[in-house]
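Asker: This is the structure I want to talk about, given as C-alpha cells.
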Amino acid sequence: MTSSSLVQIKKSRVLEVDRSMHSSGITLTPGMNICQTDLPLDWYQEEFKPYVQEYLSLPDRTPETVLPWMDRYIVPALDYFGPKLMLLAHYYMGGEIVKLVERYGGRIADSYELALQAERRPEVEVFVESAVHFMAETIAILKHPHQQVWITNPKSGCTMEALAKEDMVLPLFDELHERYGDDLMVICYMNTSGRLKALAGRTGGAICTSSNAYTIMQWAVAQNKKIFFVPDQHLGRNSGRKVGIGDDETFLFPGGWEGARRPLSALSGAERDRLDRSRLLLWGSYCGVHMVFTTTQVEHWRRQGFRVLVHPECTVDVVDAADGAGSTKYLWDALQQAKPGDKLAIGTEGHFVKNAIAYAKDKGVIVVNVADVPGAGLGCGCATMSRNDPPHLVAMLDLLRQGRAPALNRVEAGDVVDEDTGHRERLDAASRAVLAAEARAALERMIALTEAAKR
Ligand code: SF4
C-alpha cells in the first residue's frame, strides 16, 4: 500500500465536512509526527486502557502507522451511526488531532460555533467533542432533549475556569448582590461552568466569547447596571475599555480561592467608595497560556517588520502595544486575508499558531509565535485541551458503538468534574432542568445579540 493510500478512507464512510467552518490547514502528510505527547497509561480511564496499550505499542506515530489503527475502530463507528453522529473539536487543540477529527468528517470551530451545533442540527443525535469540558457542557445546555453529548476526556478542564469555580465566585456575588441588588448583572465569558452561566441568566445577564465580547459589553453598558464580569480579568478589561469604561471605573477582585475568602468588609473605606463608583467589576482569573506574551516580544517583532496580532486574553499592555487584537476567528481571518510576503506575529494559544504557520507556508506568508523571541522562551499550547488524543477518540467512538461508553464521559448541564480524581458531581433532574433553563437564557441572549450584530 502506498503512503498516500494509507491516509485515505473510503469517501462513502465519512460524514460530509461542513466547509462553512474552516479547515485547520494542516495536512496529514506521510511521515509527520501525529501525537504531541504520549501520556502515562495510569492517566487514562479504565475502559480506555486497552486502546491506549495498543496505541502505545505501535512502532511509531506516523500517519502510515496510526491511521490504519484508528480506522479499524473509527470507521465501523461512523458506519454504525451515520449522519446521527457529529465529531467536534476546538482549534486550540494540537493540529494533528484537529486534522484527525476533520479526517473523520468532524468539524473544527471556535467556542461560539461549537456551542450552536446541537441546537442547529436536530438531526444529529450523538455529539462527540474533543475539547474542554465547559465547551461540551455548553452544547449540552443548548441541546434538544433527544440529543446526547459526550466528551472524549471529561478531565479536560480549563485553568481559567478552574480559578472561577462556583464555590469561589458565589460568596463574592452574594455580597455584591446584597449591596447592589438588581442593579448588578453578571456577564460570563464562555469559559465558565454551566452553574455560573446560570448565575448570569438569573441576573438578566449574558454569556460572551472573545469574538462577540465587544457586542455583549456594549449591550451590557446600555442596561445601566453594574457589570460583574467573570472569569477573565483581561478580556473583561480589554472589552470594557473598548466600550469606554476606563481603569478608574473598573474594580478588580482576586480570582481563585483568594477571591472567595476576601469579604467586602475587608475593603478599606476608599476601596468601597471606588467599588461603588465602578461600572465594571472583574473576577481576577486569567489564562496562563496568554500570560506569556509581553510588550518586549511585541516590540521585537514589530522591529522585524511583522504585523503583531494578539488575543484579548492577553494583558492590556500587550493588547495596546499590538497592531490588532481579537478572537481566534479574527486572527484566522487576518491570516486568510494575508498576501504572499506578509509577515504576521500571532499571540495566542500555541497549537493555533502552529496550525497558522503550517497554513501560511503554502500561501507564502510568514507567521511566527509572538513569544518565540530568541532568549525569551516559547509560546504555550493549551495543555488541558490537549488531554484529548488519538486513543481517547478511538476508545470513545468504539465504546459508543458497542453501547459500553463510560457514563462519566456523558455530559449534562450542571456537571462538575474533578480534573484530578475524575469524580463527577451531577445535579438531580429537577435542579438540572432549572439550571439549564437559566444558563440557556444567558446563552440565547448572547446568540440573539451576536446574530443581530452580523446583519
Ligand atoms: S487556552 Fe486558556 S482559556 Fe482557553 S481552554 Fe486553554 S486554559 Fe482555558
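Position 124 of the sequence shown, counted from 1, bears residue number 782 in our numbering, the numbering being contiguous throughout. C-beta atoms are modelled at their ideal positions from N, C-alpha and C, and glycine is treated no differently.
Could you give the first and the last residue of the continuous alpha helix (DSSP H) run that contains L772?
Answerer: Element bounds for L772: S769 to R778.
Asker: So which residues put a beta carbon under 6 Å from any heavy atom of the ligand SF4, going in chain order?
Answerer: My final list is Y750, V790, C816, T817, M818, N849, C945, V947, E1007, C1040, T1042 and M1043.
Asker: Pick helix, strand or coil for Y988, following the three-state DSSP scheme.
Answerer: Three-state result, Y988: helix.
Asker: Sorted by chain position, which residues of the same chain lie with C-beta nearer than 7 Å to R1103's C-beta, five sequence neighbours on each side aside?
Answerer: Hits under 7 Å: A864.
Asker: Can you tell me which residues form a DSSP beta bridge with F887?
Answerer: In DSSP, F887 forms a bridge with I845 and L940.
Asker: Can you tell me whether Q962 is buried or exposed, with buried defined as 16 or more other CB within 10 angstroms of its CB?
Answerer: By the neighbour-count rule (16 or more Cβ atoms within 10 Å), Q962 is not buried but exposed.
Asker: Measuring only the C-alpha atoms, how far is V977 from P734?
Answerer: So the alpha carbons of these two residues sit roughly 47 Å apart.
Asker: For F1010, collect the residues of the same chain with a Cβ closer than 7 Å to its Cβ; drop the 5 residues on either side in sequence, then sort them by chain order.
Answerer: Cβ within range, chain order: Y749, Y750 and T986.
Asker: D768: buried (16+ other C-beta within 10 angstroms of its C-beta) or exposed?
Answerer: That one is buried.
Asker: Do Y872 and K900 have their C-beta atoms within less than 8 Å of each other?
Answerer: Cβ distance < 8 Å, so Y872 and K900 count as in contact.
Asker: Starting from Q806, trace the beta strand (DSSP E) in both directions and tell me its first and last residue.
Answerer: Note, Q806: beta strand (DSSP E), Q806 to I809.
Asker: According to DSSP, is M679 helix, strand or coil?
Answerer: Interpretation of M679 is limited by its pLDDT of 46, a score under 50 that renders its predicted location unreliable; the figure taken from the coordinates is listed afterwards. It is coil, neither helix nor strand.
Asker: Pull up the distance between the alpha-carbon of A1111 and that of L1093, whole angstroms please.
Answerer: Whole-angstrom Cα-Cα distance: 27 Å.
Asker: The alpha helix (DSSP H) spanning R1090 covers which residue range?
Answerer: Start and end: A1087 to K1112.
Asker: Quickly, what does DSSP pair H748 with across the bridge? List them, please.
Answerer: Note: H748 sits in a beta bridge opposite A767.
Asker: Can you check which of these residues, E771, L725, C846 and R930, is closest to L746 by C-alpha distance?
Answerer: Residue E771 is the option with its Cα nearest to L746.
Asker: Quick check: L821 and G894, are their CB atoms within less than 8 Å of each other?
Answerer: Not a contact, by the Cβ cut-off of 8 Å.
Asker: Alpha carbon to alpha carbon, how far is F739 from G764?
Answerer: Their backbone Cα atoms lie some 13 Å apart in a straight line.
Asker: For W808, count neighbouring Cβ atoms within 10 angstroms of its own Cβ and tell me buried if that reaches 16, exposed if not.
Answerer: Result: buried.
Asker: Could you check which residue in E760, T973 and A1063 has the C-alpha nearest to that of T954?
Answerer: Nearest C-alpha to T954: T973.
Asker: What residues match up with F909 in a beta bridge as DSSP calls it?
Answerer: Per DSSP, L939.
Asker: Is the Cβ-Cβ distance between Q876 and M843 less than 8 Å?
Answerer: No.
Asker: Skipping 5 residues on each side, what residues in its chain have a beta carbon closer than 7 Å to that of E824?
Answerer: Cβ within range, chain order: S851, R853 and L854.
Asker: Specify the secondary structure class of S897 as computed by DSSP and reduced to three states.
Answerer: DSSP places S897 in helix when its eight states are reduced to three.
Asker: With distances taken from CA atoms, which of F785, R1084 and L993 is nearest G1072?
Answerer: That would be R1084, whose Cα lies nearest to the Cα of G1072.
Asker: How would you label E1007, buried or exposed, when you count the other beta carbons within 10 angstroms and need 16 or more for buried?
Answerer: By the neighbour-count rule (16 or more Cβ atoms within 10 Å), E1007 is buried.
Asker: May I ask which residues mark the beginning and end of the beta strand (DSSP E) holding F785?
Answerer: Segment V784 to S788, the beta strand (DSSP E) holding F785.
Asker: Under a three-way DSSP split, which group does R671 fall into?
Answerer: Here the model assigns R671 a pLDDT of 37, short of 50, so the residue's position is not dependable, and the following value carries that caveat. Three-state result, R671: helix.
Asker: Please go through the stretch 992-1057 and give each complete alpha helix (DSSP H) segment of 4 or more residues, from N-terminal end onward.
Answerer: The stretch 992-1057 contains these whole alpha helix (DSSP H) runs: 1008-1021.
Asker: Taking C-alpha atoms, which residue in Y713, Q703, R860 and F964 lies nearest to V1025?
Answerer: Of Y713, Q703, R860 and F964, the residue nearest in Cα terms is F964.
Asker: Considering Cα atoms alone, identify which of S926, R920, L828 and E929 is closest to F886.
Answerer: Among S926, R920, L828 and E929, the Cα nearest to that of F886 belongs to L828.
Asker: When burial is assigned at 16 or more other CB atoms within 10 Å of the CB, is H969 buried or exposed?
Answerer: By the 10 Å Cβ count, H969 comes out buried.
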